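Trainee:
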Amino acid sequence: MPPPAGSAAGSSFDLTFGGARRDRYGQDIFGLSATTEIDREEYGRGWLVGKKVTIEIAGEAIRQTD
């Protein structure tokens with residue numbers, strides 16, 4: 099959801115490299131995670147649920163070979 103009209107808010111994520119491994123098929127796999135915390139009041143939504151929200155993202159990437 100975008101910030102209310104006439105305002106702007108941004109967040110940066112803390113990125114963590116979780117490691118790398120090679121699977122049984124010989125593909126290189128990399129693990130990553132990212133976290134950030136936002137203040138819902140900056141978006142006009144601080145009531146009912148809570149003021150702070152933590153966003154956590156986890157994923158893997160596989161190196162493609164040509």
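The working numbering puts the sequence shown at residues 99 to 164. Glycine included, every Cβ here is placed at the ideal spot set by N, Cα and C. Nothing here was measured: the structure is a model prediction, and the numbers come from that model.
1. Could you give the first and the last residue of the continuous beta strand (DSSP E) run that contains I115?
2. Within this structure, are the beta carbons of A156 and F128 separated by less than 8 Å?
3. Between which two residues does the beta strand (DSSP E) carrying G129 extend?
4. Starting from the C-beta of S131, find all residues in its chain whose C-beta is less than 8 Å away, skip the five residues before and the five after it, and write them out in chain order.
5. Can you tell me where the beta strand (DSSP E) holding T152 begins and where it ends?
Mentor: Reading from the atomic positions:
1. Locating residue 115 in the sequence shown gives position 17, counting from the first residue. As written in the sequence, residue 115 is Phe, which differs from the Ile given in the question. Per DSSP, F115 belongs to the beta strand (DSSP E) from 112–120.
2. Counted from its first residue, the sequence shown places residue 156 at position 58. Counted from its first residue, the sequence shown places residue 128 at position 30. No, these two residues do not count as a Cβ contact at 8 Å.
3. What you label residue 129 is simply residue 31 of the sequence shown in a count that begins at 1. Run containing G129: 126–137, per the beta strand (DSSP E) assignment.
4. Position 33 of the sequence shown, counted from the first residue, corresponds to residue 131. Same-chain partners within the cutoff: L113, T114, G116, E154, I155, A156, G157.
5. The residue given as residue 152 occupies position 54 in the sequence shown. Start and end: 150–160.
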